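Remarks on the structure that follows.
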Amino acid sequence: MKGRRSILHAFITNPKVLSFVGGAVAVVIGKKIAKSEKTRQFCVNTLAKGMMISDCAKESYQNMKEEAHDIYVDAKNKAAEGDCCCSGDKIETHEAE
Numbered sequence: 585m586k587g588r589r590s591i592l593h594a595f596i597t598n599p600k601v602l603s604f605v606g607g608a609v610a611v612v613i614g615k616k617i618a619k620s621e622k623t624r625q626f627c628v629n630t631l632a633k634g635m636m637i638s639d640c641a642k643e644s645y646q647n648m649k650e651e652a653h654d655i656y657v658d659a660k661n662k663a664a665e666g667d668c669c670c671s672g673d674k675i676e677t678h679e680a681e
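If you use my numbering, the sequence shown corresponds to residues 585 to 681, in order.
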């Protein structure tokens, strides 16, 4: 009987066995959590917020792009009229003396 106890004790305290049992328990608990309605709702809400942020970022980028293009067109028109130190597509910079 004493030999069986030491074998059982060695088996139970073996790190590989403990890791396997811990992994199995984690899978069972994880599966229950993953199938939970609250978890699903949390994931859906998080994804929806992420999509909203993405849409806002795309809209902001598009607005900045349009504003930059407007500034470019204005500068090009002024250069064509001779109102500034620009020549066509090339904008010259002058340092203050």
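In this text, a Cβ means the ideal position worked out from N, Cα and C, and glycines have one as well. Computed from a predicted structure; not experimentally measured.
Pick helix, strand or coil for residue i, following the three-state DSSP scheme.
i: N629; result: helix
i: I642; result: First, the amino acid is wrong: residue 642 is Lys here, not Ile. Note: K642 maps to helix in three-state DSSP.
i: S603; result: helix
i: K616; result: helix
i: N647; result: helix
i: I634; result: For the record, residue 634 in the displayed sequence is Gly; it is not Ile. Looking at G634 - three-state DSSP - the assignment turns out to be helix.
i: E681; result: Low local confidence applies: a pLDDT of 40 at E681 is under 50, so the model's placement there is unreliable, and no value is given.
i: T597; result: coil
Between residue i and residue j, what straight-line distance do the alpha-carbon atoms span, to the nearest angstrom?
i: S603; j: I596; result: 11 Å
i: A659; j: E643; result: 24 Å
i: F626; j: G606; result: 26 Å
i: N647; j: S620; result: 41 Å
i: A594; j: V601; result: 10 Å
i: A632; j: E650; result: 27 Å
i: I637; j: I617; result: 27 Å
i: V609; j: K622; result: 21 Å
i: K662; j: Y656; result: 10 Å
i: C640; j: P599; result: 50 Å
i: G614; j: A652; result: 50 Å
i: G634; j: A664; result: 45 Å
i: G666; j: V628; result: 57 Å
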